[in-house]
Amino acid sequence: MKKQRPVNLQLNTISFPPAAITSILHRITGVALFFAMMFVIWAWAMSVSSSESFALVQEQMAGPLGKFVAIGTISALTYHVLGGLRHMVMDMGYWEELQSGDISAKAIIAAWIILTILVGVVLW
Ligand code: HEM
């Protein structure tokens, strides 16, 4: 009988390379953006429908929930665009090797965290 039998995957012991993390985050932020657009379109449509609705949107956006949603939406868009630009560069044939791919993956995650903190500071 085969001694080296396959074992169940232990998800907590798997460490993902930076490129894999950026890829997963790209899909997560893409899906998050899809839902965030519902909120953005609602806010835009409401704000132009009447002055009362505009005041309501303004009031909601000034509250903690509105700020949280706005920061989350901008953060998801920031990451998604950074990831999209990284994809564009890779489509042109750069950053495809293990080392450069690693560096660019870490760079966009770092840039995203810094930009999200800046947006948070400005909007909160
Ligand atoms: C509201 C706007 C957007 C939404 C809802 C959205 C949504 C998504 C979703 C759900 C995916 C994942 C698809 C999959 O993995 O099967 C995706 C992938 C992608 N998005 Fe967006 N996206 C938006 C804007 C953008 C923008 C502005 C860019 C360019 C900077 C962009 C670039 C990309 C690229 C390059 C991929 C493919 C990533 C890959 O192949 O792994 N997206 N998007």
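First residue of the sequence shown? That's 35 in the working numbering, and the numbers climb one at a time after it.
Every residue gets a Cβ at the ideal spot worked out from N, C-alpha and C, and that includes glycine.
The distance from the Cβ of Ala110 to that of Ala66 is about 4 Å, consistent with a contact at the 8 Å cut-off. Between the region 120-137 and the region 93-110, the count of Cβ pairs shorter than 8 Å is below three; the stretches do not touch. In this structure, the straight-line span from the alpha carbon of Leu157 to that of Trp146 is close to 16 Å. For Asn46, the secondary structure class from DSSP, reduced to helix, strand or coil, is helix. DSSP places Arg120 within a helical segment (H, G or I) once states are collapsed to three.
Relative to ligand 1, the beta carbon of Ser57 is positioned inside 7 Å of a heavy atom. Inclusion of Arg61 in the 7 Å shell around ligand 1 follows from its C-beta lying nearer than that to a non-hydrogen atom of the ligand. Taking Leu119 as the centre and dropping the five residues before and after it, the same chain places no C-beta closer than 7 Å to its C-beta.
Non-local C-beta neighbours of Ala96 in its own chain, meaning closer than 6 Å and more than five positions away in sequence, are absent.
Close CB contacts of Ile105 within its chain, under the 7 Å cut and outside five residues either way in sequence, are with Val153, Gly154 and Leu157 (chain order).
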